[in-house]
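Some notes on the structure that comes next.
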Amino acid sequence: MIQAKKKFGQNFLQDKSYINKIIESMPNNDNIIVEIGPGLGDLTEKLLQKNSLVAYEIDEDLCKILKDKFDNLELVCGDVLDSWQTGRLREKKYNLIANLPYYVATNIILKALNDENCENILVLIQKEVAQKFSAECGEKIHSGLSIIAHSVAEVEIKFEIPPTAFNPAPKVMSSVILFKKNRLKYDQDYAKFLKIAFSQPRKTLLKNLSQKYDKEFIKTIFNKINLKENIRPHQVSDKLFYEVFSELKGENENDTTTTNGKSSRK
Ligand code: SAM
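For the sequence shown, my numbering assigns the number 2 to the initial residue and increments by one for each residue that follows.
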């Protein structure tokens, strides 16, 4: 039996009933499947019965095992992030289906959300991270991540998986989450704006945005769209966030930058 490597986030899903539930939750189309981190190949075996599959595995020991086990698997041995340099992991449309390594799961999901060839993402991740991606306005954990995700996809938590289903067992609960994309990519400038908006989640949105933009101008925007000056970022709806962003962006396109680095009106 192979020793699981912590540094690669190896928690092998061994409970077959959950593997079957993942297969049942798969989107129904002819896209090729991309699996990141096939591990010992338990999920891979089922996926191969569904469609053609390309898998990316960082661990050389596991790559050897997978090559012996499967004749019909296209396997890329190495860090998947190295293959994503151009922004597109594959040249054809694909669905990403995987039990992701937790240490890099958020990064991988953001890359896939911004990859125009990725149409659906069905992944097993830490429950807490799944909740962050799916949170709605008003929830304490509503964040830039959920706004970005909802700007390009329908997001749905399918079911939870307890630690006992894995070997070794992780310390936390896991969830399977589905992102059905309805837009190809998200707006990078919007993502940067949201990072500033949520930089200190417990502070007001006005305070956070004032780090980068002119405070008086933000106040006029808030006034125009009926946002209270003491509102916190998690209380603002996706729609209003986009309105604030659009107003600031419109302004930025014909403004000057002051000596303190903040944008100001001409
Ligand atoms: N799919 C298997 C399962 O469900 O049992 C293994 C899942 S395990 C949580 C994560 C897998 O991702 C491991 O096989 C690990 O070696 C692999 N991995 C970790 N980081 C990776 C990376 N950057 N690129 C590709 N594979 C990676």
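We put the CB at the ideal spot given by N, CA and C, even for glycine.
For secondary structure counted as the beta strand (DSSP E) over 3 or more consecutive residues, the stretch 83-117 holds these complete runs in sequence order: 95-100.
Between A99 and E155, the CB-CB gap reaches or exceeds 7 Å.
Taking 8 Å as the upper bound for CB-CB distance, Q127 and A106 are in contact here, some 7 Å apart. Cβ contact annotation for V81 (same chain, cutoff 6 Å, sequence separation greater than five): I37 and Y57, in chain order.
Looking at the backbone, the Cα of A136 and that of F13 are separated by about 27 Å. Under the rule that a run must span 4 or more residues, the alpha helix (DSSP H) segments found entirely inside the stretch 192-240 read 206-211 and 216-225. Of the residues Q201, L249 and K22, the one whose Cα lies closest to the Cα of E217 is L249. When DSSP states are grouped into helix, strand and coil, E248 belongs to the helix group. Per DSSP, Y19 is one residue of the alpha helix (DSSP H) stretching across K17 to E25.
For ligand 1, no non-hydrogen atom lies closer than 6 Å to the CB of E161.
The three-state secondary structure of V130, taken from DSSP, is helix.
Membership of K181 in the beta strand (DSSP E) is indicated by the continuous run S175 to K182. Membership of C64 in the alpha helix (DSSP H) is indicated by the continuous run E61 to K70.
Here DSSP, grouped into helix, strand and coil, assigns K159 to strand. By the criterion of a C-beta distance shorter than 6 Å, L125 is surrounded in its chain by N100, S175 and V177, once the five residues flanking it on both sides are discounted. The beta carbons of I66 and L41 sit about 7 Å from each other, so the pair counts as a contact at 8 Å. Taking a cut-off of 8 Å for Cβ pairs, the stretch 197-206 and the stretch 138-150 touch, as three or more such pairs fall below it. Separation of K8 and I109 (C-alpha to C-alpha, rounded to the nearest whole angstrom) is 16 Å. At a cut-off of 6 Å, the beta-carbon of E155 does not count as near ligand 1: no heavy atom of the ligand is closer than that.
At the C-beta level, Y95 and N32 come within 7 Å of one another.
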